[in-house]
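First comes the structure, then the notes that go with it.
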RNA sequence: GGCGCGAUAGCAAAGCGGUUAUGCACCGGAUUGCAAAUCCGUGUAGGUGGGUUCGACUCCCGCUCGCGCCUCCA
């Protein structure tokens with residue numbers, strides 16, 4: 525039985541889908557005006573893991589991850605770049621797709637874009653107005669009236685009065701309450717706009733997720749995910765909008781992944797301490813980055829550093845080395861086998877991927893001892909469920925990070941042949957010189973019964 | 001100020017009221033022409049002060065420290 529930690533109740537709960545046998549899941553995706561950073565990589569990978577495990581558990585999954593392609597920052601950036609919003613967002617959507625693909629993230633079933641769902645948003649705003657939860661302020665913005673929605677704050681554990689007491693709340697004269705949030709923004713001069721019953725304007729940020737989730741998944745669905753920083757106000761506001769408009773429960777299970785940190789501080793665009801995915805991939809294999817994310821629990825903070833990625837790379841090499849030494853078959857995972865049972869139990873315990881990884885390492889040790897093809901098959905099969913160990917071990921072990929200036933494989937092979945000749949003639953000094961030369965180039969030789977193989981250190 | 005999360009060995013990171021987490025690094029041994037990889041073995045833990053218990057890293061309370069949200073952010 526799968527258990528999921530529900531942010532709404534703050535406890536692990538048995539996962540019971542609304543419709544037996546199928547799951548509907550919505551995850552807040554990217555605002556596309558810049559390259560994805562490591563924090564984005566984490567959401568992509570974490571919910572890819574969730575999605576994979578749900579499917580592996582035999583559930584039919586409808587996974588939706590939205591794309592925010594209209595907002596203040598996009599408008600600002602397009603203006604700075606002197607290009608159209610469409611050009612800007614198309615480019616960064618492409619980059620996002622490339623990054624996600626590199627990390628082994630499977631495509632969601634739907635990737636709705638905000639700009640393609642404005643009519644649905646307007647309908648939702650209309651319904652909120654009809655229900656007495658929305659009002660148009662003097663300046664033209666349409667706001668959501670948080671005081672009129674009972675239960676506002678239930679997801680983030682905040683009370684409206686505590687929020688009022690805070691010092692960081694915007695003061696906007698047009699709002700009836702400072703905490704009211706905007707559903708529809710009145711267009712200013714030179715800004716893109718859509719026509720609406722409330723005048724020309726564009727959607728507020730939160731409304732798109734309420735509109736697109738109900739469009740694709742219905743008014744009530746199973747799982748809603750996103751980064752921890754979206755819990756408040758974004759997800760709180762989504763609940764207010766969706767439940768306020770539809771008068772029924774919105775989401776059963778809320779999942780929030782922990783932050784990526786740098787030097788124990790949140791990695792974020794505002795702090796400017798972020799690393800983009802493609803920057804990292806110039807120096808590390810994408811699978812290493814994926815493994816780095818997979819081996820931490822999704823709710824824990826994850827500290828980024830080169831040392832940690834180096835560590836992840838060495839650990840992943842151990843798994844691939846075990847695979848290389850055996851001959852895994854192509855059959856499916858045998859779920860009656862001991863390691864698979866442990867793996868399944870770990871994943872069912874709120875997606876405990878660190879524990880699942882520990883099982884993989886135990887399995888690898890077992891494979892190394894026994895050279896069992898069956899266990900090697902299990903190792904590859906279980907790892908595959910995490911999106912790992914999909915490549916030929918040789919390819920991984922000999923891979924160079926993109927843009928690297930390592931010694932080419934042909935040159936390495938030539939040197940290995942020369943060394944073999946030297947060894948044949950018992951000239952071990954010459955053989956060791958060649959090994960040393962390769963070692964300097966970051967190449968490690970491994971003499972075996974079937975000859976010499978090599979890998980990058 | 002309000003709300004919440006965390007503190008595990010050299011580093012990273014899990015489970016668990018009593019029995020080996022796991023990975024990297026380190027040490028000893030096997031293996032090797034020498035290595036590497038692998039195997040065998042050893043060691044290194046759970047912030048601090050109390051409490052509950054036959055027994056606590058694991059449950060409860062206090063304290064200290066760190067982090068997050070309360071403002072756009074995955």
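Numbering (this note's numbering), first residue to last: 525 to 981.
Glycine is no exception: its CB is placed at the ideal position from the N, C-alpha and C atoms.
Computed from a prediction, not measured in an experiment: that's the story for all the values here.
Residue 609 has no beta-bridge partner at all, per DSSP. For residue 728, same chain residues with a beta-carbon under 7 Å away, outside a window of 5 residues either side, are 705, 706, 707, 708 and 709 in chain order. For residue 931, there is no enclosing beta strand (DSSP E), as DSSP marks it with neither H nor E.
The beta carbon of residue 566 sits closer than 7 Å to those of 781, 784, 817 and 826, all from its chain and outside the five residues before and after it, given in chain order.
Under the three-state reduction of DSSP output, residue 560 falls in the coil class, being neither helix nor strand. Assignment of residue 847 by DSSP, reduced to helix, strand and coil, places it in the helix class. DSSP places residue 761 in the uninterrupted alpha helix (DSSP H) bounded by 760-770. Sequence-distant partners of residue 870 (beyond 5 residues in either direction) whose C-beta falls short of 7 Å from its own C-beta, in its chain, are 876, 879, 880 and 883. Under the three-state reduction of DSSP, residue 645 is assigned to helix. Rounded to whole angstroms, the separation of the alpha carbons of residue 961 and residue 541 is 59 Å. For the 8 Å CB-CB criterion, residue 590 and residue 553 form a contact. Going by DSSP, residue 529 is part of the beta strand (DSSP E) stretching over 527-530.
Here the C-alpha atom of residue 923 lies approximately 28 Å from the C-alpha atom of residue 577.
Per DSSP, the beta-bridge partners of residue 536 are 529.
About 54 Å separates the beta carbons of residue 771 and residue 847, which is beyond the 8 Å limit, so they are not a contact pair. The region 801-819 makes contact with the region 620-630; the number of CB pairs closer than 8 Å reaches 3 or more. Cβ-Cβ distances below 6 Å link residue 749 to 551, 571 and 779 in the same chain, with the five nearest sequence neighbours on each side left out; the list follows chain order.
Linking residue 618 to residue 895 through their CA atoms gives a straight-line distance of about 43 Å.
Inter-segment contact for the region 677-685 and the region 733-742 is absent: fewer than three beta-carbon pairs are separated by less than 8 Å. When the beta-carbon positions are compared, residue 903 and residue 889 stay at least 8 Å from each other. Sequence-distant partners of residue 970 (beyond 5 residues in either direction) whose C-beta falls short of 8 Å from its own C-beta, in its chain, are 976, 977, 978 and 979. Every beta strand (DSSP E) stretch that sits fully inside the region 736-762 and reaches 3 residues is listed by chain position as 745-751. The shortest CA-to-CA distance from residue 934 to any of 905, 951, 954 and 967 is the one to 967. Apart from sequence neighbours up to five positions away, the residues of its chain that approach residue 587 with a beta-carbon distance below 6 Å are 549, 575, 632 and 633, ordered along the chain. Residue nearest to residue 861 within the set 906, 623 and 822 is 906 (criterion: CA-CA distance). Inclusion of residue 809 and residue 917 in the CB contact set at 8 Å is not warranted, their separation being larger than that value. Short of 8 Å from the beta carbon of residue 841, and not among the five residues preceding or following it, lie these beta carbons of its own chain, in chain order: 920, 921 and 979. Exclusion of the five residues before and after residue 892 leaves 846 and 849 as the residues of its chain whose Cβ lies within less than 7 Å of its Cβ.
By the C-beta density criterion, residue 769 is buried, having at least 16 other C-beta atoms within 10 angstroms. Taking the CA atoms as reference points, residue 908 sits about 14 Å from residue 569. Beta-bridge analysis with DSSP links residue 778 to 748. In this structure, residue 527 lies near residue 873, with their beta-carbon atoms less than 8 Å apart.
Residue environment: residue 725 is assigned as buried (16 or more neighbouring CB atoms within 10 Å of its CB, all protein chains considered).
By the C-beta criterion, the region 790-804 is judged not to be in contact with the region 710-721, since fewer than 3 inter-stretch pairs fall below 8 Å.
In terms of Cβ geometry, residue 819 and residue 831 do not form a close pair [threshold 8 Å]. Counting every other CB atom within 10 Å of its CB across the protein chains shown gives residue 722 a total of 16 or more, marking it as buried.
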